[in-house]
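Letter by letter, the sequence shown follows residues 3 to 141 of my numbering.
We put the CB at the ideal spot given by N, CA and C, even for glycine.
A quick note: this is a predicted structure, and the numbers were derived from the prediction, not measured.
Shown next, in structure tokens, is the structure this report addresses.
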Amino acid sequence: MALFSEKNAQSQLDAEAEKVNRADLEALLERQRAIEEKVKSSGKLNRFSADIKLMFSMIQDYWKGNYRDVPWKSIAAIVGALLYVMNPLDFIPDLILGIGFVDDVGVVALCLKLVESDLHQYAAWKEHREESEQATQAN
3 MALFSEKNAQ SQLDAEAEKV NRADLEALLE RQRAIEEKVK SSGKLNRFSA DIKLMFSMIQ
63 DYWKGNYRDV PWKSIAAIVG ALLYVMNPLD FIPDLILGIG FVDDVGVVAL CLKLVESDLH
123 QYAAWKEHRE ESEQATQAN
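Here's what the structure looks like:
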């Protein structure tokens, strides 16, 4: 039997996403640096660094009202997953050497699977916006 299955990850992600509200978005953005540092320092989570940065970028643009072409359930899933990563006493406590981040990896991986198309659409929007800004500055 797996220590932490996709079913466990789905259960944890659903539980976190159901609790998310606008205040959680603000709190998460305030803790962005701490979460990114935790991800970098964890070998298992480090492979998600680029995805997590993109998630934070999308949440920031959503928070500021710059990007709203994403369902709330995707925002809630991302916020829930990132808050889960920040919790050291989750399903498998992070303090347990060797396996403490297995559940965090599972929750982030499942979240990415669920919001993949929304992240791709956001990344395309962001790239187009940056190109437009560069073209405007060049003129």
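Cβ shell of residue i (< 8 Å), same chain only, five flanking positions each side left out
{"i": "N48", "result": "V41 and K42"}
{"i": "L56", "result": "L121, Y124 and A125"}
Local conformation of residue i per DSSP, three classes
{"i": "K46", "result": "coil"}
{"i": "R70", "result": "coil"}
{"i": "N10", "result": "helix"}
{"i": "F93", "result": "Note that F93 has pLDDT 48, beneath the 50 cutoff, so the model's placement of it is unreliable and no number is given."}
{"i": "I98", "result": "Note that I98 scores 47 on pLDDT, short of 50, meaning its location in the model is unreliable; the coordinates nonetheless yield the value given after this. Three-state DSSP puts I98 in coil, outside helix and strand."}
Delimiting residues of the alpha helix (DSSP H) encompassing residue i
{"i": "V87", "result": "W74 to M88"}
{"i": "R24", "result": "R24 to E32"}
Contacts around residue i, its chain only, beta-carbon distance under 7 Å, and the 5 residues preceding and following it disregarded
{"i": "L116", "result": "A79"}
{"i": "R70", "result": "Y64"}
{"i": "V81", "result": "V22, D26, L27, L30 and I61"}
Same chain only: Cβ atoms within 6 Å of residue i, ignoring 5 sequence neighbours per side
{"i": "E114", "result": "Looking at the sequence provided, one finds Leu at residue 114 rather than Glu. Only D53 meet the Cβ criterion."}
{"i": "S76", "result": "V117 and D120"}
The ligand ADP heavy atom lying under 8 Å from the CB of residue i
{"i": "V110", "result": "For the structure depicted, the ligand ADP is absent and the ligand set is empty, with no information on it obtainable."}
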